[in-house]
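A.B. asks: Numbering (numbering that gives the first Met the number 0), first residue to last: 0 to 326.
C-beta: ideal position from N, C-alpha, C; glycine also.
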Amino acid sequence: MSVLSGSSILVTGATGSFGRAFLRYALAELDPQRIVVFSRDELKQYEVRQQFGNDPRLRFFLGDIRDRNRLIRAMHGIDHVVHAAALKQVDTAEYNPSEFVNTNIEGSQNVIDAAIESGVQKVVALSTDKASSPINLYGATKLVADKLFIAGNHYAAHHPTRFAVVRYGNVMGSRGSVVPLFRQLNAAGESLPITDKRMTRFWITLDQAVRFVVESFERMQGGELYVPRIPSMRILDLVEAVAPDAATHEIGMRPGEKLHEEMISADDSRRTLRYPDRYVVQPVVASWGYETPSGGEQVLDGFTYRSDTNDLWLSVEEMRAILAAKP
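1. Using C-beta distances below 7 Å, list every residue in its chain close to residue 114, excluding the 5 sequence neighbours before and after it, in chain order.
2. Does the Cβ of residue 190 have 16 or more other Cβ atoms within 10 Å, making it buried, or fewer, making it exposed?
3. Run through DSSP, which three-state label would residue 159 get?
4. Output the distance between the C-alpha atoms of residue 277 and residue 176, rounded to the nearest integer angstrom.
5. To the nearest angstrom, how far is the alpha carbon of residue 153 from that of residue 66?
6. Keeping to the same chain, check which residues put their C-beta closer than 7 Å to that of residue 221; ignore five residues upstream and five downstream.
7. Per DSSP, which one or two residues make a beta bridge with residue 199?
8. Can you check whether the CB of residue 131 is closer than 7 Å to the CB of residue 264?
9. For residue 137, is the classification buried or exposed, using 16 other Cβ atoms within 10 angstroms of its Cβ as the cut-off for buried?
10. Rounding to the nearest angstrom, what Cα-Cα distance links residue 192 and residue 281 in this structure?
11. Can you tell me whether residue 296 is buried or exposed, with buried defined as 16 or more other CB within 10 angstroms of its CB?
12. Which whole-angstrom value describes the C-beta separation of residue 26 and residue 54, a residue pair presumed to lie in contact below a C-beta threshold of 8 Å?
13. Among the residues of its own chain, which have a CB less than 8 Å from the CB of residue 254, if the five just before and after it don't count?
14. Nearest CA to the CA of residue 216: which residue from 14, 249, 124 and 17?
15. What are the complete alpha helix (DSSP H) segments, minimum 4 residues, inside the stretch 211-291?
16. Using 8 Å for Cβ pairs, my map puts residue 166 next to residue 224. What's the rounded Cβ distance?
17. Determine the closest residue to residue 199 out of 213, 256 and 145, with distance taken between C-alpha atoms.
18. So, is the C-beta of residue 0 closer than 7 Å to a C-beta in chain D?
19. Applying the 10 Å Cβ sphere with the 16-neighbour rule, what's the burial state of residue 68?
20. On the criterion of 16 or more Cβ atoms from any shown chain inside 10 Å, does residue 260 qualify as buried, or is it exposed?
21. Roughly how many whole angstroms lie between the Cα atoms of residue 327 and residue 180?
22. Where does the unbroken alpha helix (DSSP H) through residue 153 begin, and where does it stop?
23. Terminal residues of the continuous beta strand (DSSP E) containing residue 11?
24. How would you write the range of the beta strand (DSSP E) that residue 124 sits in, first residue to last?
25. Among residues of its own chain, excluding the 5 on either side of residue 171, which ones have a beta-carbon nearer than 8 Å to its beta-carbon?
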């Protein structure tokens, strides 16, 4: 039985791609007492109510993570929080930096403060590969958010609340995924735009991401940054899997985009343990009673977890099988 079973859960950004997948899994598999859907878009909340048939275990709470008092009200009686709300578009961040700071940084601090104030037991915050060695403003705001959540355990040391972070790369099946675009253009007989033919990416499905987050609730003491061990794929292999023999053209990398994804930097290697299914980056300083978990293997000094040097790769056939199983 999961630690989330029978509990009251709040999900920020619950009407997004991850949030909806989490709701679907939690309602079917975890038997929660209730789940609070916390988001700022009333239309998307309406769509979620329609999707889940007004399940009585769902509660809908309009609010913005920029509003600390609203978060405190929403977290009343909550046991566990999944923090998925964020502004995420890389190019949009470059034109609107203050908005990303207000949501991704100040909003994250509000989640931390509200969770401690409300006596929440565990919080898992979602991060991104772009927070590792960031080269764009979005990644920089998420790196700050990651550090805020880890440091939140210091402030909560004499309270029951603990915080951990989950970091993963591109999610196939989420909004903004390149797969629907490739399918649409191929069906129209158009050439597919490739930013750079050398590009590699990590591959994770929404269902895998949800299960990884749920498992992280089970394992966490507080202060961990969890990274799943997942396969990489080459962008040209993805094109072959989605649209065999389709014409392609290079459009060049967008501002702030990386050729390869990185989820653990070399500077974090000395604090990183490897397990069969994940890496655990341990906190630099832990004043809340954190103990190094057993069973992990210390990675080599200077190790980096990058999509181009990964030891796990997906073939074209494997990608096709995964895509065939998804809508």
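C.D. replies: Reading off the structure:
1. Locating residue 114 in the sequence shown gives position 115, counting from the first residue. Closer than 7 Å at the Cβ level, and outside the excluded window around residue 114, lie 74, 80, 122 and 160.
2. Counting from one through the sequence shown, the residue named residue 190 turns up at place 191. Residue 190 is exposed by the Cβ-count criterion.
3. Sequence index remark: in the sequence shown, residue 159 carries index 160 (1-based). In the three-state DSSP reduction, residue 159 falls in the coil class, being neither helix nor strand.
4. The count along the sequence shown starts at 1 and reaches residue 277 at position 278. The count along the sequence shown starts at 1 and reaches residue 176 at position 177. Those two C-alpha atoms are separated by around 23 Å.
5. Taking the sequence shown and counting its residues from 1, the one referred to as residue 153 is at position 154. Taking the sequence shown and counting its residues from 1, the one referred to as residue 66 is at position 67. Per the coordinates, the alpha-carbon of residue 153 lies some 23 Å from the alpha-carbon of residue 66.
6. To locate residue 221, count along the sequence shown from 1; it is residue 222. Taken in chain order, the residues that qualify are 152, 161, 162, 163, 287 and 289.
7. To locate residue 199, count along the sequence shown from 1; it is residue 200. As a beta-bridge residue in DSSP terms, residue 199 pairs with 233.
8. Here the question's residue 264 lines up with position 265 in the sequence shown. Here the question's residue 131 lines up with position 132 in the sequence shown. Closer than 7 Å, so yes.
9. Position 138 of the sequence shown, counted from the start, is the residue given in the question as residue 137. Counting the other CB atoms within 10 Å of its CB gives residue 137 a total of 16 or more, which places it among the buried residues.
10. By 1-based counting over the sequence shown, the position of residue 192 is 193. By 1-based counting over the sequence shown, the position of residue 281 is 282. Those two C-alpha atoms are separated by around 39 Å.
11. As a first step, residue 296 must be located in the sequence shown, where it is residue number 297. Residue 296 is classed as exposed because its beta carbon has fewer than 16 other beta carbons within 10 Å across all chains shown.
12. Position 27 of the sequence shown holds residue 26. Position 55 of the sequence shown holds residue 54. About 6 Å; that satisfies the 8 Å criterion.
13. Position 255 of the sequence shown holds residue 254. 89, 90, 93 and 135.
14. Looking up residue 216 in the sequence shown gives position 217. Taking only the C-alpha atoms, the option nearest residue 216 is 124.
15. Qualifying alpha helix (DSSP H) stretches, in chain order: 234-241.
16. Residue 166 sits at position 167 when you count from the first residue of the sequence shown. Residue 224 sits at position 225 when you count from the first residue of the sequence shown. With a Cβ gap of about 6 Å, residue 166 and residue 224 count as contacting.
17. Within the sequence shown, the letter at position 200 stands for residue 199. Across the set 213, 256 and 145, the C-alpha of 256 shows the shortest separation from the C-alpha of residue 199.
18. Absence of chain D from the displayed structure is noted, only one protein chain being present.
19. If you number the sequence shown from 1, residue 68 lands on position 69. Looking at its Cβ environment, which holds fewer than 16 other Cβ atoms inside 10 Å, residue 68 is exposed.
20. Counting from one through the sequence shown, the residue named residue 260 turns up at place 261. Within 10 angstroms of the beta-carbon of residue 260 lie 16 or more other beta-carbons, which makes it buried.
21. This structure gives no information on residue 327, because the portion of the chain shown stretches from 0 to 326.
22. Looking up residue 153 in the sequence shown gives position 154. Boundaries of the alpha helix (DSSP H) harbouring residue 153: 136-154, taken from the DSSP string.
23. Stepping through the sequence shown from its first residue, residue 11 is reached at position 12. Going by DSSP, residue 11 is part of the beta strand (DSSP E) stretching over 7-11.
24. For the purposes of this step, residue 124 is taken as the residue at position 125 of the sequence shown. Where residue 124 is concerned, the enclosing beta strand (DSSP E) starts and stops at 121-125.
25. Locating residue 171 in the sequence shown gives position 172, where the first residue counts as 1. Result list for residue 171: 178, 202, 203, 204, 205, 321, 322 and 325, in chain order.
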